[in-house]
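Residues in the sequence shown are numbered consecutively from 0, following numbering that gives the first Met the number 0.
Glycine is no exception: its CB is placed at the ideal position from the N, C-alpha and C atoms.
Encoded as structure tokens, the structure appears first; notes follow it.
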Amino acid sequence: MNLLVTGAAGYIGASFSYEALKKGFRVYGCDNFINSDETNIKILENKFPNDFIFEKIDLSTELEKVKNFISNKQIECVIHFASLKSVEESEKIPNEYWRNNLDSTFNVLKAMEDEGLKALVFSSSASVYGQSKIQPLTEDTNLIPESTYGKTKLAIEFILKDLAEKSLINVASLRYFNPIGSHKDGLIVESISDNQSNIMPKIIRVALGVDKKFTVFGNDYETNDGTAERDYIHIEDLISGHLDAVKFILHSKGFIELNLGTGKKVSVLDLLKTFMAASRKEVPIEFSSRRAGDVPVCYADPTKSNKMISWKSKFGLKEMCEDSWRPFQNSDEFKGKS
């Protein structure tokens, strides 16, 4: 089976591509490297030279390249990861987030239409829920996103749902919670470059001595320890959810939204304590004010995913931290840096 994976160079897109290739899929991947580089692409090309085909494409501006890339490739499903994805950054450059995320999606949909391709798995986000007092979050919770990033994801969901209701496409929209960890073989690893917005790369940078302190944004939330509480999910669990969603949407019609989370809330300080125990490294912290767009508590009720696509998370927080740290624990690359 042939798949199109947008955003294939990123942490999640490359992780999905790797697992799909291991399971015998052929993957056509594209990315513009705005949030990534060629590292993961080279790994996938070297390991799967006959089944991973990549092209550099800016989905938001290069419709013809997208159409030519997938033309006559017998692609059966699109997995659409590509987007700008930082909550904090989206508050600073909202115009760019709206332009990029929506235009990328419109061009993917146009290319799908031209190919008569209907099956789509969309990379959505728990940020579409916003600041809900009702926790854990079900798929029926009111959708009031706080950040521009979350608003772009919700807008895309509305577009996809409308098209699905008109029988033009079939969509599984996966609302992620907070992926961390690396594959246990350590081949695809989340970047810890200094422009990363995700929490685990920032923690690892401090553990390695690249940065001096980890900044905790907000310690005055109405939570057990004052720090924000999130639902952290192992990257391998997240990817298995995508593979289950692909199987489901190939034989289903319409639009379905699904939470991918563990159903457990973990505070930032609890995550730090677990990581320090797993890595045996100290991570000095400093507290700062809350960031615009952040919410106090956000964790999933994954019951619908359990039932509809027979998916359930397997890994706990300790294993997430161990697998995040393992690729870096013997690294010489960062020695002497501060």
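Assuming contact is defined by CB atoms lying nearer than 8 Å, are residue i and residue j in contact in what I supplied?
i      : j      : result
Val127 : Phe80  : no
Glu235 : Gly315 : no
Ile232 : Ser323 : no
Phe93  : Gly185 : First, the amino acid is wrong: residue 93 is Pro here, not Phe. Cβ distance not < 8 Å, so Pro93 and Gly185 don't count as in contact.
Asn258 : Asp300 : yes
Ile69  : Asn169 : no
Ser288 : Thr214 : no
Asp230 : Tyr298 : yes
Ala171 : Val120 : yes
Leu309 : Thr261 : One detail in the question is off: residue 309 reads as Ser in this sequence, not Leu. Going by C-beta atoms, Ser309 is not nearer than 8 Å to Thr261.
Val65  : Asn1   : no
Thr104 : Ile158 : yes
Ser123 : Leu173 : yes
Ser192 : Ser85  : no
Pro28  : Ala7   : Reading off the sequence shown, one finds Gly at residue 28, where the question assumed Pro. Yes. Within cutoff.
Lys109 : Leu62  : yes
Assuming residue i is part of the alpha helix (DSSP H), what are its boundary residues?
i      : result
Gln274 : Note that residue 274 is Phe in the sequence shown here, rather than Gln. Counting along the chain, the alpha helix (DSSP H) containing Phe274 begins and ends at 267 to 278.
Asp340 : No answer is possible for residue 340: it lies beyond the span of the chain, which begins at 0 and ends at 337.
Ser312 : Run containing Ser312: none; DSSP gives neither H nor E here.
Val245 : 234 to 248
Glu18  : 10 to 21
Thr5   : Not the alpha helix (DSSP H): Thr5 falls in the beta strand (DSSP E), residues 1 to 5.
Ser304 : 302 to 307
Using only the heavy atoms of the ligand ZN, determine whether one of them is closer than 7 Å to the beta carbon of residue i.
i      : result
Asn100 : Annotation note on the ligand ZN: not contained in the displayed structure, which lists no ligands.
Please list, in chain order, all residues of the same chain as residue i whose beta carbon is under 6 Å from its beta carbon, the five residues on each side excluded.
i      : result
Asn71  : none
Ile143 : Gly129
Lys252 : Asn169
How far does the beta strand (DSSP E) with residue i in it extend, from its first residue to its last?
i      : result
Asn45  : Taken as a continuous stretch (DSSP letters only), Asn45 belongs to no beta strand (DSSP E), being part of the alpha helix (DSSP H) at 38 to 46.
Asn258 : 254 to 259
Ile52  : 51 to 55
Ser70  : Ser70 -> no beta strand (DSSP E), and no H or E assigned at all.
Phe80  : Taken as a continuous stretch (DSSP letters only), Phe80 belongs to no beta strand (DSSP E), as it is neither H nor E.
Could you check which residue in the options has the C-alpha nearest to that of residue i?
i      : options                        : result
Ile74  : Ile52, Leu58, Leu62            : Ile52
Lys272 : Met199, His241, Ser122         : Met199
Phe342 : Leu207, Val209, Thr226, Glu112 : Because residue 342 is not part of the residues shown, which for the chain are 0 to 337, the question remains open.
Arg279 : Leu270, Ala206, Lys263         : Ala206
Ser239 : Gly9, Gly149, Ser16, Glu95     : Ser16
Asn141 : Tyr148, Ala125, Leu159, Phe274 : Ala125
Lys263 : Phe24, Phe176, Tyr96, Glu37    : Phe176
Asp36  : Thr147, Ala13, Ser304          : Ala13
Lys91  : Leu136, Ser146, Asp30, Ile56   : Ser146
Ile56  : Glu44, Asn45, Phe32, Asp50     : Phe32
Asn34  : Ser166, Phe274, Glu88          : Glu88
Leu83  : Tyr220, Tyr148, Glu63          : Tyr148
Asn99  : Asp113, Glu44, Asn305, Ser59   : Ser59
Who are the near neighbours of residue i in its chain, counting only those whose CB is closer than 7 Å to its CB and skipping five residues on each side?
i      : result
Val188 : Ser181, Pro326
Ala277 : Lys317, Cys320, Glu321, Trp324
Ile178 : Here residue 178 turns out to be Pro, not Ile, going by the sequence shown. Only Ile11, Ile232, Ile234, Leu237 meet the Cβ criterion.
Thr222 : Glu228, Ser266, Pro295, Val296
Asp224 : Ser266, Leu268
Lys334 : Reliability of the predicted coordinates at Lys334 is poor, the pLDDT of 46 falling under 50, and the value obtained from them is presented with this limitation in mind. Contacts found: none.
His241 : Phe15, Ile78, Val120, Leu173
Asp50  : Leu20, Arg25, Val26
So, does the CB of residue i fall closer than 8 Å to a CB anywhere in chain C?
i      : result
Ile203 : Of the protein chains in this structure there is only one, and it is not chain C.
Grab me the residues of residue i's own chain with a C-beta within less than 8 Å of its C-beta, minus the 5 sequence neighbours each way, in chain order.
i      : result
Lys212 : Val205, Pro283, Ile284, Glu285
Taking the runs of the alpha helix (DSSP H) that are 4 residues or longer, which of them lie wholly in the segment 171 to 231?
198 to 206
For the segment 123 to 170, which segments carrying the beta strand (DSSP E) assignment without a break, of at least 3 residues, lie completely within its bounds, in sequence order?
The segment 123 to 170 contains no whole beta strand (DSSP E) run of 3 or more residues.
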